[in-house]
Amino acid sequence: MSAAGRAVVRGAAAVGLAGLVLGGCAAGFWGQGLGSDAPPAGQATPNAMVLVLGEAGWSVAAQRVAKDLTAAFPDGLEFDSALPAPSDGGPSTVGVGFESARLHTGAVELGVDPLGVTLEVTATLEPMALTLELGGQSLCEVSVAFDGAALRGTVALTRTKLGRVHAGGLGAVSLEAPGALVDLSECPDIGLSAGGRFTGASDGYLTEAVLDAVALEAFNALAPTLADAVPEAMGLDIATDATVRFGDDGVGEGWVRARVRASEAEQDNWWQLAGARLHVPYAVALETKGHPCAPAPDRAVAPPTAIPTVDAEAALLLAPSIVEQAVWGLWRSGGLCGERIAHDLSWRADELAPGWPALDALPPETALTVRVWPDEAPELVLDTVGGEARAALSVPSWTLELYAELDGARVRLATITVGFEVEASFAVSADRAVWLVPEAVTVTAAGSAAGLLRAPAPEMAEGLAAPLADALLSARPIWWLPPFPLEPHDHVTLEGGYLVFASPPAGVSD
């Protein structure tokens, strides 16, 4: 059989395509932080990643926020409220002032509406005293306490200049505390007439003023913590710069960098609420410095199509062009050259001798190693089969130099060329790494040339295609999923121009 079209069926062990990964886990990639004060340079692809989060995801995020608040304020949140200046209100203005109020937080509920993220925090206020003023004049001292009240408010999702997601800008603050103890016994009987003058009893009015003031100041005191805790719990604060460099081969230097930022758009509608699900888009820039071993000009990245509607409680949508560009960028930066993917490729001479008789001249235990020169960029094409995403990786023609240590010198024994195609499915490991699972390897080209020894037969070159494909696929994952609240599963689809990594449907587990 000729080299072209020879197929080698592979096992289903999950191995990964060498990708843009700096650490050994998802936290290693997304925890790199921002290496630059500028937004993504080069050709940033808008909406290259979209995080989708529904009610089940909000619920998990709420539990995270509750834990964050407890950790931040183990002894309770202490906060104050200054009395307003006389010029801040008229004669009918009720001012509320207090010091060292202490609030304990409990369960948290999160939701999303067109204004932002809604919060309901179960709150308990320790008994405290506060001062009421009326029109700038001291009115009375009041004691107040409540247990299991509902403190509510809305925080807006905002982007910093560096592309991070924060929560800020309070709105719609309220407190529902039906069992609140508000002691107004020291306050005079007053009431508000239609003319704006106080006459008669108005305990309800003063109680509302007290609780409103406590609610507003409590939320203001929580705001700095919520600014980071809410986006982090929802998996939204994932802006990062991740760079991998290649320059230890004495030939030259190259690098590839991934920059992720919240997508630039009109501030009022940069995120969307569709189908009771929050959609937050991110721009991705993949930049490279070319290595001499892979000379080629940079190429443009195709922008994704419109964001599709996804029926999942948590999902990451990833533009295929980003995955394809990541593979190309790794090749362009030198990440596939020399021994970087071939360090695990080695054989004893007697293992290859049946297909390469010239090896009989060497001791049987002689170790043979490989240097890979990827003459052409690998191409990755995505498709869908049976409702699931599939990948086809094509390597047109690569050069492999076979070496051995003889008499203390490293000697090139022969050179082979091989081209192949890999059919693969997707898998997501427990640490959120995205892997390609090889299904089959098809040899498309094979050849050989002599070195110290006579050239091996083309069939021997064909036999090296499968282990080379494994070496290419087993170096690193193609991507990492960010830490959104729900766990993804292996059912990866291609929908509306995006790869979709979704959490299992409700009631279904992997």
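In the numbering used here, the protein residues as written are 13 to 522.
The beta carbon of each residue, even a glycine, is placed where N, CA and C say it ideally should be.
In this text, all values refer to a predicted model and were calculated from it rather than measured experimentally.
Would you kindly check if the distance between the Cβ of residue j and the Cβ of residue i is under 8 Å?
i	j	result
Pro489	Ala445	yes
Val384	Val512	no
Leu137	Phe158	yes
Ala135	Leu115	yes
Leu484	Leu425	no
Thr166	Leu127	yes
Gly107	Leu144	yes
Leu480	Val430	yes
Ser406	Asp387	no
Val292	Arg271	no
Leu290	Leu476	no
Glu188	Ala162	yes
Leu169	Ala184	no
Trp491	Trp42	no
Pro58	Glu276	yes
Ser155	Met140	yes
Ala241	Gly69	no
Thr117	Val129	no
Val263	Pro307	no
Ser112	Asp92	yes
Leu412	Val382	yes
Glu451	Ser460	no
Ala331	Ala60	yes
Please state whether DSSP places residue i in a helix, a strand or coil.
i	result
Gln284	strand
Leu375	For the sequence presented, residue 375 should be read as Pro rather than Leu. In the structure shown, Pro375 sits in coil (DSSP, three-state: anything other than H, G, I, E or B).
Gly541	Residue 541 lies beyond the residue range present for the chain, which begins at 13 and ends at 522; the question has no answer from this structure.
Ser112	strand
Val322	coil
Gly31	Since pLDDT at Gly31 reaches only 39, below the 50 mark, its modelled position is unreliable, and the value read off the structure follows with that caveat. Coil at Gly31, not helix or strand.
Gly367	helix
Thr317	coil
Thr105	coil
Gly128	strand
Asp240	helix
Ser460	strand
Ala445	strand
Ala523	What the structure shows of the chain is the stretch from 13 to 522, and residue 523 is not part of that stretch, so it cannot be assessed.
Gly431	strand
Val3	This structure does not reach residue 3, given that the chain is present from 13 up to 522, and the question cannot be answered.
Asp92	strand
Pro479	helix
Asp387	coil
Gly7	In the structure displayed, the chain extends from 13 to 522; residue 7 sits before or after that span and is not available.
Ser186	strand
Asp395	strand
Gly216	helix
Arg402	strand
Phe85	coil
Glu10	There is simply no residue 10 to check, as the chain begins at 13 and stops at 522 in what is shown.
Phe41	helix
Arg352	coil
Val1	Residue numbering for the chain in the displayed model covers 13 to 522; residue 1 lies beyond these limits and cannot be assessed.
Ala416	strand
Ala60	strand
Val77	helix
Leu204	Residue placement at Leu204 is poorly supported in this model, since its pLDDT is 49, which falls under 50; the coordinates still yield a value, given next. Strand.
Ala245	helix
Start and end of the beta strand (DSSP E) containing residue i?
i	result
Leu155	It is worth fixing the name first, because residue 155 is Ser in this sequence and not Leu. Looking at the DSSP string, the run of the beta strand (DSSP E) that includes Ser155 is Gln149 to Arg171.
Leu174	Segment: none, Leu174 is in no beta strand (DSSP E) and carries neither H nor E.
Arg271	Gly266 to Ala274
His291	Arg289 to Lys301
Arg466	Element bounds for Arg466: n/a, residue is neither H nor E.
Ala514	Tyr510 to Ala514
Glu507	Thr505 to Glu507
Leu193	Leu193 to Asp195
Since residue i and residue j should fall inside the 8 Å C-beta cutoff, what is the C-beta to C-beta distance between them, to a whole number of angstroms?
i	j	result
Pro495	Ala514	No, Pro495 and Ala514 are not in contact; Cβ-Cβ is about 15 Å, not under 8 Å.
Ala404	Glu435	6 Å
Ala288	Glu67	6 Å
Pro468	Trp359	Actually they do not touch by this definition, with Cβ atoms about 12 Å apart.
Arg76	Ala245	4 Å
Ala555	Leu380	Outside the modelled stretch of the chain, which goes from 13 to 522, sits residue 555, for which no answer is possible.
Arg273	Glu265	So it is not a contact: roughly 26 Å between Cβ atoms.
Arg176	Ala251	5 Å
Gly341	Leu298	5 Å
Quick one: give me the first and last residue of the alpha helix (DSSP H) that residue i is part of.
i	result
Val335	Pro332 to Arg344
Val472	Position check: residue 472 holds Met in this sequence, whereas Val was assumed. Element bounds for Met472: Pro470 to Gly475.
Leu364	Ala361 to Leu364
Kindly say whether residue i, judged by its beta-carbon, lies nearer than 8 Å to any beta-carbon of chain C.
i	result
Arg289	Of the chains in the structure shown, none is chain C; there is only one protein chain.
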